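S.K.:
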Amino acid sequence: MQAGAGSYRQQTWIGDIQPLPVLVVASVALLVVGVVMISSASMDMAAVTMGNSYHYVIRQIIFAGLGCLVALIAVNVPVSWWERSGWLLLGIGMLVLVLVLTPMGRTVNGSTRWIPLGLFNVQVSEVAKLCLIAYLAGYVVRRRDELLNTWLGFFKPLVVLGLASMLLVIQPDFGATVVLVTAAAGMIFLSGVRLTRFAPLVGILAVLGTILVVTQPYRLKRVVSYLDPWKDQFDTGYQLTQSLIAFGRGEWGGVGLGNSIQKLFFLPEAHTDFIYAIIAEEFGLLGSLIVLALFTALVVSGFMIARRAEKAGMPFGACFSYGLTLLMGLQAGINMAVSTGLLPTKGLTLPLVSYGGSSLLITCIGIGVLARVELERLDKVRMSSETTKHKPRGGAVYE
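Residue numbers (my numbering): 3 to 401.
#1: Does DSSP classify Asn123 as helix, strand or coil?
#2: Residue range of the beta strand (DSSP E) that Pro118 falls in?
#3: With distance defined between alpha-carbon atoms, name the residue in Leu380, Ser387, Leu363 nearest to Val129.
#4: Can you give the Cα-Cα distance for Asp381 and Glu388, rounded to whole angstroms?
#5: Ile367: which of Cys133, Val98, Val110, Ile19 sits nearest, CA to CA?
#6: Quick one: what's Arg145 bridged to in DSSP?
#7: Taking the CB atoms as reference points, tell me whether Ile172 and Leu119 lie closer together than 8 Å.
#8: Taking Val195 as part of the beta strand (DSSP E), name the residues at either end of that continuous run.
#9: Kindly indicate which residue of Ala48, Thr212, Ile190, Thr51 has the alpha-carbon position closest to the one of Glu148.
#10: Using three-state DSSP, classify Val302 as helix, strand or coil.
#11: Around the C-beta of Ala49, are 16 or more other C-beta atoms found within 10 angstroms, so that it is buried, or is it exposed?
#12: Could you tell me if Pro21 is buried or exposed, where buried requires 16 or more neighbouring beta carbons within 10 angstroms of its beta carbon?
#13: Helix, strand or coil, according to DSSP, for Val162 in the structure here?
#14: DSSP three-state call for Val37: helix, strand or coil?
#15: Are the CB atoms of Arg309 and Arg379 within a distance shorter than 8 Å?
#16: Take Phe318 as the anchor and find which of Gly188, Val142, Thr179, Thr243 has the nearest alpha-carbon.
#17: Is it buried or exposed, Val124, if we count other Cβ atoms within 10 angstroms and call 16 or more buried?
#18: Does the structure place the region 65 to 85 close enough to the region 96 to 112 that three or more beta carbon pairs sit under 8 Å?
#19: Put Tyr10 into one of helix, strand or coil per three-state DSSP.
#20: Near Thr274, which residues of its chain fall below 7 Å by C-beta distance, leaving aside the five closest residues on each side in sequence?
#21: To which residues does DSSP link Thr109 through a beta bridge?
#22: Which residue from Val340, Ala334, Ala373, Ser323 puts its Cα closest to that of Tyr137?
#23: Could you pull out every residue in the same chain whose Cβ sits closer than 7 Å to the Cβ of Gly211, ignoring the five residues on either side in sequence?
#24: Here's a check: name, in chain order, each residue in its chain whose Cβ is nearer than 7 Å to the Cβ of Leu192, leaving out the five neighbours to either side.
#25: Is DSSP giving His57 helix, strand or coil here?
#26: Are the Cβ atoms of Leu287 and Phe276 separated by less than 8 Å?
#27: Taking the alpha helix (DSSP H) that Leu90 falls in, what are its first and last residues?
#28: Assuming contact is defined by CB atoms lying nearer than 8 Å, are Ile63 and Val37 in contact in what I supplied?
#29: Contact defined as beta carbons within less than 8 Å: I believe Thr327 pairs with Gly343. What is the distance between those atoms, to the nearest angstrom?
#30: Straight-line CA distance for Lys348 to Gly164?
#31: Please list, in chain order, all residues of the same chain as Val24 whose beta carbon is under 7 Å from its beta carbon, the five residues on each side excluded.
#32: Quick check on the burial criterion: 16 or more other C-beta atoms within 10 angstroms. Buried or exposed for Ile19?
#33: Note the first and the last residue of the continuous alpha helix (DSSP H) segment covering Ser262.
#34: Whole angstroms is fine: what's the gap from Leu121's alpha carbon to Thr179's?
#35: Let me know if Asp230 comes out buried or exposed under the rule of 16 or more other beta-carbons within 10 Å of its beta-carbon.
#36: The alpha helix (DSSP H) spanning Val340 covers which residue range?
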């Protein structure tokens, strides 16, 4: 009896957690961590390459302010607008993926992933991921019966994903392809599709992924260096070994803010893809675990919002929330796994923390959408409770 009471108290305590404050606090904390760490990780490089030590941190502060603004705008956009605009968003997502492959695209380090817009460059994969997840969420809701019961309904969204993935691989942006496909597959699975339908898909994706790695020498080198980075630490394994050195120098408590050695031109992309290694060096294992905990809180709150929306009869809001949370969680998880050597080196930013306007703005929009879903759910619950209060025993509602 006591065990049952304890279980009941535990369930009640979990049910009492409000995911919206957790989502907001975790997001703001990560945004602040990002600004602080970019100011630390980029100053020396910015002084040499840009002639201004504060070049990157000033831009990141501007992007952070714009991110807060677009998040507030997203909070005020009804979830129904995203559902109605599925085809429009699909068109925008595909259009930017095509435009970047034209002379409009900008090539950096052999990859054509950006469209210059004067003051900053737009990374098209970030825009495409948001648009495609919104479209697919609408498809899952509109064609739910077809999706769950027929192979044709299951393969239709895969055709869209396949086309988008092909355009991403051409850039090439293999990391964004993995994140998009995995998040979309997870969203479709959570909608109720049987696991048996995913078995052939997983096999096909594994074969295609292997082909993409083997046919591109630079990808194959990354996999080989990932298996033993110290074997060629001054060439293919250089980035990973320097990242691991940063983790080793940080030990438990870190060397202190601003005291990183690896950011002094030893670790490439210290303020973007490998900023987590600089966090570990300057704040140690404890600091890196705090950042991991913040991302965990963000992801868990996102899933709680999605689950509660599902229970409240908001299928599109729930599906869209699942997709957005998977996007952010997967990208953060892959970035941190790359920095610690758990995955092969891949060019993915750490959401809200790494330098980069496109990733930051799109992530803030996603957080704003999650907040909107939860607010609409709370409104629905409040209206339902008010209706129940005014309902007489006979079942009719007072006019």
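Positions of the beta carbon are idealized from the N, C-alpha and C atoms, including for glycine.
All figures in this text were calculated on a predicted structure; none of them were measured in a lab.
M.R.: This is what the structure gives:
#1: DSSP places Asn123 in strand when its eight states are reduced to three.
#2: Per DSSP, Pro118 is one residue of the beta strand (DSSP E) stretching across 113 to 118.
#3: Nearest option by C-alpha distance: Leu363.
#4: When rounded, the distance between both Cα atoms is 11 Å.
#5: Selected option, being the one with the closest Cα: Cys133.
#6: Bridge partners of Arg145: none, in fact.
#7: Taking 8 Å as the Cβ cut-off, Ile172 and Leu119 do not qualify as a contacting pair.
#8: No beta strand (DSSP E) contains Val195, which DSSP labels as neither H nor E.
#9: Closest by alpha carbon: Ile190.
#10: Looking at Val302 - three-state DSSP - the assignment turns out to be helix.
#11: The residue is exposed, with fewer than 16 neighbouring Cβ atoms inside 10 Å.
#12: Pro21 is buried by the Cβ-count criterion.
#13: Helix, per DSSP.
#14: In the structure shown, Val37 falls within a helical segment according to DSSP collapsed to helix, strand and coil.
#15: The Cβ atoms of Arg379 and Arg309 lie no closer than 8 Å to each other.
#16: Looking only at Gly188, Val142, Thr179, Thr243, the smallest Cα-Cα distance to Phe318 is reached by Val142.
#17: A buried status is given to Val124, since no fewer than 16 other beta-carbon atoms sit within 10 Å of its beta-carbon.
#18: Too few Cβ pairs lie closer than 8 Å, so no.
#19: A caution first: Tyr10 carries a pLDDT of 36, below 50, which makes its placement in the model too unreliable to give a value.
#20: Excluding positions up to five away in sequence, the list reads Thr351, Ser356, Tyr357, Gly358.
#21: The partner list for Thr109 (beta bridge, DSSP) reads Thr114.
#22: Comparing alpha-carbon positions, the option among Val340, Ala334, Ala373, Ser323 lying closest to Tyr137 turns out to be Ser323.
#23: Sequence-distant partners of Gly211 (beyond 5 residues in either direction) whose C-beta falls short of 7 Å from its own C-beta are missing from its chain.
#24: Taken in chain order, the residues that qualify are Tyr324.
#25: Per DSSP, reduced to three states, the secondary structure at His57 is helical.
#26: No. Outside cutoff.
#27: Counting along the chain, the alpha helix (DSSP H) containing Leu90 begins and ends at 88 to 101.
#28: Going by C-beta atoms, Ile63 is nearer than 8 Å to Val37.
#29: Contact flag wrong, Cβ pair sits at about 26 Å.
#30: Between Lys348 and Gly164, the C-alpha separation is close to 21 Å.
#31: Residues Ala299, Ser303 of the same chain have their beta carbon placed closer than 7 Å to that of Val24, with the five preceding and five following residues left out of the count.
#32: By the 10 Å Cβ count, Ile19 comes out exposed.
#33: Going by DSSP, Ser262 is part of no alpha helix (DSSP H) at all; its letter is neither H nor E.
#34: Their Cα atoms are separated by approximately 27 Å.
#35: Asp230 should be labelled exposed.
#36: Run containing Val340: 317 to 341, per the alpha helix (DSSP H) assignment.
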